[in-house]
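Under our numbering, the first residue of the sequence shown carries the number 8, and numbering increases by one thereafter. We treat Cβ as the ideally placed atom computed from N, Cα and C, and that holds for glycine. A short worksheet on the structure shown next.
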Amino acid sequence: MRGKVAVITGGTSGIGLATASALARGGARVIVLCRNPGSDGARRLAALKGQGAVHLIACDLGRLASVRAAARQVADTCEAVHLLVNNAGISLRERAESADGLEMTFQVNYLSHFLLSNLLLGRLKAARDARVVNLVAPVDSIKLDFDDLMSKRSYSFLAASARSKLALVLAARRLSDTLASTGAKVLCYYPGLVRSGLFEGTSRVLKALIDVVGATPTQAAANLLAILAGAPPAESPAFFERTRARPLKGMATDAEAATRLWDMSSRLVGLT
């Protein structure tokens with residue numbers, strides 16, 4: 008990645024911060040999309056003394072207009088994007104709607120990344136051998152209810168988060184097809200349990216378990232960078248759990264569901 012461009016969402020904390028820091032120290036030009044460019048994590052990135060450069064762009068994934076504005080800034084500052092890491096995510100105990108009238112977890116974790124990836128297609132194609140990474144979770148047993156994508160009938164923060172991650176996996180199939188002619192690869196990466204702020208507000212038992220067995224963000228970032236540094240995966244999209252590629256099961260392999268979700272997502276975010 009020396010001299011190449013990496014775009015990372017949620018790059019001021021957790022895995023995103025660790026990944027952005029490592030890439031910048033290695034000489035990459037890192038563009039971090041974050042809700043608060045004045046945060047402690049943002050200041051840590053700005054203070055890095057390495058070969059690369061870090062550029063912070065304000066982006067609120069809870070507002071589609073903010074995603075569009077951030078994508079325009081990225082496109083204005085670089086001719087190609089060699090690595091896009093769709094990392095940012097939330098987990099809300101209570102259902103909430105965004106300013107766009109969409110269920111917040113589904114929008115922040117999935118729809119805004121879907122929009123961002125599509126808005127940067129031109130820059131990804133210009134890189135010829137780009138990599139797109141979606142941070143996901145185990146989804147083999149998860150299903151989407153296409154009649155209730157906004158979780159209006161029932162809401163559970165664990166279920167809402169899991170469905171948003173399945174959506175990222177399904178969308179990766181269509182995105183991979185779109186980029187196939189350029190040599191780009193789309194990866195879905197599950198880092199395992201990681202000690203991060205994402206689990207704040209969850210049950211004390213779950214939080215305690217993660218604090219004991221979870222990896223650090225630095226370890227999770229190192230695994231991701233090891234995957235990216237290795238030989239390109241034979242298949243795209245590819246699913247990695249920690250550093251191991253493994254096949255998917257269930258709805259995650261359903262091509263018809265992937266097409267249906269892509270079409271619905273395009274309408275929800277206003278893509279023509």
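Alpha carbons only, please: which of the options is nearest the one belonging to residue i?
i, options, result
"Leu127", "Pro239, Arg251 and Leu182", "Leu182"
"Ala31", "Ser105, Gly96, Leu63 and Arg42", "Leu63"
"Leu123", "Ala106, Glu110, Lys159 and Leu175", "Leu175"
"Pro145", "Ser171, Ala233 and Arg267", "Ser171"
"Thr19", "Ala241, Thr266 and Thr225", "Thr225"
"Ile15", "Leu55, Val88, Ala54 and Ala241", "Val88"
"Gly190", "Gly108, Ser28 and Pro244", "Pro244"
"Leu177", "Trp269, Gly45, Thr26 and Ser28", "Trp269"
"Phe153", "Ser272, Ser28 and Ala29", "Ser272"
"Ala27", "Arg42, Ser46, Asn43 and Leu55", "Leu55"
"Met8", "Ala264, Ala29 and Leu52", "Ala29"
"Ala133", "Glu86, Lys150 and Leu165", "Glu86"
Report the partner residues of residue i according to the DSSP bridge assignment.
i, result
"Asn141", "Asn93 and Cys195"
"His62", "Ile38"
"Glu282", "Residue 282 lies beyond the range of the chain shown here (8 to 279); nothing can be said about it."
"Ala13", "Val37 and Leu90"
"Ala227", "Paired residues: none, contrary to the question."
Residues in its own chain within less than 6 Å of residue i by CB, not counting five upstream and five downstream?
i, result
"Val139", "Leu91 and Val193"
"Ala77", "Leu40, Ile64 and Cys66"
"Lys11", "Ala35 and His89"
"Ala137", "His89, Leu131 and Ala191"
Whose C-beta lies closer than 7 Å to the C-beta of residue i among residues of the same chain, with five residues either side of it excluded?
i, result
"Val276", "Leu71, Leu118, Phe121 and Leu122"
"Leu157", "Residue identity differs from the one stated: residue 157 is Met in this sequence, not Leu. If we look at Met157 and ignore the five residues flanking it on each side, its Cβ neighbours are Leu109, Glu110 and Phe113."
Can you round the beta-carbon distance between residue i and residue j to whole angstroms, since I take them to be within the 8 Å contact cut?
i, j, result
"Asn230", "Thr260", "Contact doesn't hold; Cβ gap of about 24 Å is too wide."
"Gly199", "Ala95", "Not confirmed; about 18 Å, so no contact."
"Ser98", "Ser168", "5 Å"
"Asn141", "Cys195", "5 Å"
Please indicate yes or no: does the CB of residue i lie closer than 7 Å to some heavy atom of the ligand COA?
i, result
"Tyr197", "Inclusion of the ligand COA in the displayed structure is not the case, the ligand content being empty and no account of it being possible."
Counting only beta-carbon separations shorter than 8 Å, does residue i have a partner in chain C?
i, result
"Ala191", "Within the model displayed, chain C is absent; a lone protein chain is all it includes."
Identify, in the order they occur along the chain, each residue of the same chain with its Cβ nearer than 8 Å to the Cβ of residue i, setting aside the five sequence neighbours on each side.
i, result
"Ala106", "Gly69 and Arg70"
message = Give the list of continuous alpha helix (DSSP H) stretches no shorter than 4 residues that lie fully inside the region 98–184.
response = 119–126 and 128–133
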